[in-house]
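Student:
In this note's numbering, the protein residues as written are 2 to 602.
#1: With burial defined as no fewer than 16 other Cβ atoms inside 10 Å of the residue's Cβ, what is the status of residue 598: buried or exposed?
#2: Counting only runs of 3+ residues fully inside the stretch 376-427, write out the beta strand (DSSP E) ranges in chain order.
#3: Measure the Cβ-Cβ separation of residue 375 and residue 496 and say whether it is below 8 Å.
#4: How long is the line joining the alpha carbons of residue 206 and residue 428, rounded to whole angstroms?
#5: Run through the stretch 23-96 for me and flag every whole alpha helix (DSSP H) of 4 or more residues, listed as ranges in chain order.
#6: Contact between the stretch 12-24 and the stretch 178-191: three or more CB pairs below 8 Å?
#7: Could you give the C-beta distance for residue 59 and residue 594, rounded to a whole number, given that I count them as a contact under 8 Å?
#8: Using beta-carbon positions only, say whether residue 396 and residue 301 come within less than 8 Å of one another.
#9: Can you name, in chain order, every residue of its own chain whose Cβ lies under 8 Å from the Cβ of residue 210, other than the five neighbours on each side?
#10: Suppose only complete runs of 3+ residues qualify. What are the beta strand (DSSP E) ranges in the stretch 157-182, listed by chain order?
#11: Here's a check: name, in chain order, each residue in its chain whose Cβ is nearer than 8 Å to the Cβ of residue 89, leaving out the five neighbours to either side.
#12: Quick one: grab the DSSP three-state call for residue 1.
#13: Jot down the residue ranges of each uninterrupted alpha helix (DSSP H) in the stretch 467-551, minimum 4 residues, whole runs only, in chain order.
#14: How many Å lie between residue 463 and residue 485 at the Cα?
#15: From this set, 566, 329, 405 and 240, which residue's C-alpha is nearest residue 596's C-alpha?
#16: DSSP three-state label for residue 15, please.
#17: Taking the alpha carbon of residue 97 as the point to measure from, which residue in 277, 275, 86 and 126 has its own alpha carbon closest?
#18: Tell me the residue span of the alpha helix (DSSP H) that contains residue 146.
#19: Among the residues of its own chain, which have a CB less than 6 Å from the CB of residue 33, if the five just before and after it don't count?
#20: Tell me the DSSP secondary structure of residue 326 in three-state form.
#21: Which residues in the same chain as residue 522 place their Cβ atom closer than 7 Å to its Cβ, once the five residues preceding and following it in sequence are excluded?
#22: Bridge partners for residue 296 per DSSP, in chain order?
#23: How many angstroms separate the CA atom of residue 452 from the CA atom of residue 184?
#24: When you compare only the Cα positions, how much space is there between residue 416 and residue 216?
#25: I need the straight-line Cα distance from residue 138 to residue 515, nearest angstrom please.
#26: Do the stretch 522-531 and the stretch 558-567 make contact, defined as three or more Cβ pairs closer than 8 Å?
#27: Around the C-beta of residue 266, are 16 or more other C-beta atoms found within 10 angstroms, so that it is buried, or is it exposed?
#28: Let me check understanding here. Comparing Cα to Cα, which of 143, 510 and 313 lies closest to residue 83?
#29: Using alpha carbons as the reference points, say which of 232, 398 and 539 lies closest to residue 306.
#30: Who pairs with residue 447 in a beta bridge, going by DSSP?
#31: Report the three-state DSSP secondary structure of residue 1 (helix, strand or coil).
#32: Between residue 338 and residue 601, what straight-line distance do the alpha-carbon atoms span, to the nearest angstrom?
#33: From the DSSP output, read off the bridge partner residues of residue 228.
#34: Using the C-alpha atoms, what's the distance from residue 332 back to residue 281?
#35: To the nearest angstrom, how far is the alpha carbon of residue 52 from that of residue 264?
#36: Just how far apart, CA to CA, sit residue 109 and residue 290?
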């Protein structure tokens with residue numbers, strides 16, 4: 002019988018020679034990262050110019066500074082307050098060195114994952130650095146908060162920029178001021194830095210001279226192999242989309258098919274990640290004939306495609322194809338995020354044309370009014386949009402990496418800096434996580450379509466106010482009489498729950514507003530088998546604030562999916578024999594998930 006050694010292994014002794022060699026290797030590999038950055042600039046593939054955002058930051062901070070610098074007493078008060086805070090911290094540190102018990106001048110939020118390591122408290126150096134950082138961050142935030150005479154949009158931008166800067170300079174982001182990284186560096190004799198610099202070079206090369214931070218290990222995640230595997234066929238395609246029909250899994254199906262309009266800012270397989278998480282598979286298993294639009298990842302040739310083109314060549318064309326395949330004139334529809342905004346404008350267009358093609362509409366975290374549109378508003382004003390339009394006009398499209406970075410910046414500690422630390426400082430390869438793989442699978446956007454979206458929705462809020470024009474047709478949401486299931490998620494920072502609630506009042510038919518737990522993705526993709534989160538229902542949606550709506554709401558444990566199914570079947574429960582995929586007129590082109598979804602930005 003083999004003897005099992007249960008003794009704890011002693012940590013490796015520090016090897017100065019190995020450490021020196023690894024530091025040299027890390028420096029050499031960092032040179033490869035620099036070469037990967039310079040190569041596309043040397044051969045003309047990439048051009049460096051000052052980002053438009055820099056001028057916006059300077060202009061925004063100048064507005065805030067004007068208030069403080071206009072009165073010498075304010076400047077003196079600021080300096081005195083900051084100096085007192087630093088002196089109190091220094092005095093506390095000296096007393097602690099002398100052996101006294103001292104209370105921290107400031108502590109991080111219990112939810113702040115960056116400072117969970119015990120050494121941030123037990124080690125005096127790290128404790129001092131942490132408190133110094135937190136005091137400085139607090140002071141910078143108060144500069145913006147207490148500046149008077151600053152308009153709300155400028156203040157929101159200033160708060161956002163301060164957050165980005167303070168997140169970037171956090172001591173957790175540097176080797177010598179992060180106790181975890183420092184321990185790992187000493188324990189591995191610098192091996193972590195070698196691995197990290199290698200990944201940095203690879204990620205810059207993958208981004209063609211721009212850092213594309215890997216959030217998951219792509220080697221074990223392949224679309225069509227272990228993601229987006231629900232059986233089906235592409236039955237139609239045009240320049241903008243492929244239409245997928247999924248293979249039935251039941252003997253009978255609902256008579257009325259379901260058309261899903263996903264966002265084109267990301268790819269549709271967020272609704273079909275893995276079988277156990279797949280909303281699409283779950284719908285098929287419930288006996289629903291599911292059709293999904295898979296948007297193209299456009300290049301410069303499609304740069305002039307407009308919002309009206311996306312409507313005509315997307316959902317309107319899909320409805321015609323579905324009628325040819327199933328014989329059904331009307332469909333249930335579901336739109337996610339910007340796909341929902343497009344769906345809402347399509348419904349208004351159909352209403353103006355008096356074409357009855359839709360039985361119901363479901364919206365997942367989608368906005369039709371942008372008064373309370375959340376954090377993305379920080380990127381939208383006339384100056385920023387004009388600069389973006391100039392850039393897009395030259396390229397024909399908005400690069401997918403830019404849009405992905407904008408979304409990541411909304412949660413930069415979680416989606417940027419945590420990976421900088423784990424990947425490049427700790428040298429840890431990310432795990433194979435399907436959701437983060439999808440998040441990093443960015444798409445480009447046609448310049449004309451994206452400009453229309455930002456101007457007509459975020460900047461001018463035309464859809465809800467009845468002033469949006471598509472194909473020479475003025476749209477009015479109050480003429481949309483079909484039943485609506487309007488899903489919001491409680492922690493959504495992209496389509497805030499109060500924005501979705503406010504938008505519910507603009508439809509002219511019955512609206513069921515449902516609030517799901519969690520955020521923009523997890524609150525939507527929440528299969529019943531997981532038993533996670535909860536959702537709230539309340540029939541009162543007119544002229545009510547979200548907090549009051551929640552007070553009067555009924556909480557239900559678990560997923561909202563069965564509630565939606567019950568609502569859908571309550572509208573039309575008739576069933577027919579399961580349908581074949583495609584038809585003689587529309588023979589299958591290729592297996593789902595199709596080829597459009599596989600094109601990388």
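Glycine residues also receive a C-beta, built at the ideal position from the N, C-alpha and C atoms.
Tutor: Answer, in terms of the structure:
#1: Around the CB of residue 598, 16 or more other CB atoms lie within 10 Å, so the residue is classed as buried.
#2: As far as the stretch 376-427 is concerned, it has no whole beta strand (DSSP E) run of at least 3 residues.
#3: Yes. Within cutoff.
#4: The alpha-carbon of residue 206 is positioned some 17 Å away from that of residue 428.
#5: Segments of the alpha helix (DSSP H) lying fully in the stretch 23-96: 53-70.
#6: As far as the Cβ criterion goes, the stretch 12-24 touches the stretch 178-191, which means the pair count is three or higher.
#7: With 8 Å as the limit, residue 59 and residue 594 do not qualify as a contact, their Cβ atoms being about 44 Å apart.
#8: Yes, the Cβ-Cβ distance between residue 396 and residue 301 is below 8 Å.
#9: Closer than 8 Å at the Cβ level, and outside the excluded window around residue 210, lie 37, 38, 39, 40, 41, 42, 46 and 47.
#10: Taking only runs of at least 3 residues, no beta strand (DSSP E) segment lies wholly in the stretch 157-182.
#11: So the list reads 106, once near-sequence residues are dropped.
#12: There is simply no residue 1 to check, as the chain begins at 2 and stops at 602 in what is shown.
#13: 498-505, all fully within the stretch 467-551.
#14: Those two C-alpha atoms are separated by around 20 Å.
#15: Residue 240 is the option with its Cα nearest to residue 596.
#16: DSSP, read as helix, strand or coil, puts residue 15 in coil.
#17: Residue 126 is the option with its Cα nearest to residue 97.
#18: Going by DSSP, residue 146 is part of the alpha helix (DSSP H) stretching over 125-146.
#19: Around residue 33, the same chain offers 202 as residues with beta carbons nearer than 6 Å, after the five sequence neighbours per side are excluded.
#20: Three-state result, residue 326: helix.
#21: Counting only Cβ-Cβ distances below 7 Å, and skipping sequence neighbours, we find 271 and 436.
#22: 242, per the DSSP bridge assignment.
#23: Cα to Cα, the separation comes out at about 48 Å.
#24: Distance from the CA of residue 416 to the CA of residue 216, rounded to the nearest whole angstrom, comes to 8 Å.
#25: The alpha-carbon of residue 138 is positioned some 37 Å away from that of residue 515.
#26: Verdict: yes, contact present.
#27: Buried.
#28: Comparing alpha-carbon positions, the option among 143, 510 and 313 lying closest to residue 83 turns out to be 143.
#29: Answer by Cα proximity: 398.
#30: In the DSSP output, where bridge partners are listed per residue, residue 447 has 398.
#31: For the chain, the structure presents residues 2 to 602; residue 1 sits outside this window and is missing.
#32: Whole-angstrom Cα-Cα distance: 21 Å.
#33: Bridge partners of residue 228: 224.
#34: Annotation: residue 281 to residue 332 spans about 16 Å, alpha carbon to alpha carbon.
#35: Residue 52 and residue 264: Cα-Cα distance of roughly 27 Å.
#36: Rounded to whole angstroms, residue 109 to residue 290 spans 50 Å at the Cα level.
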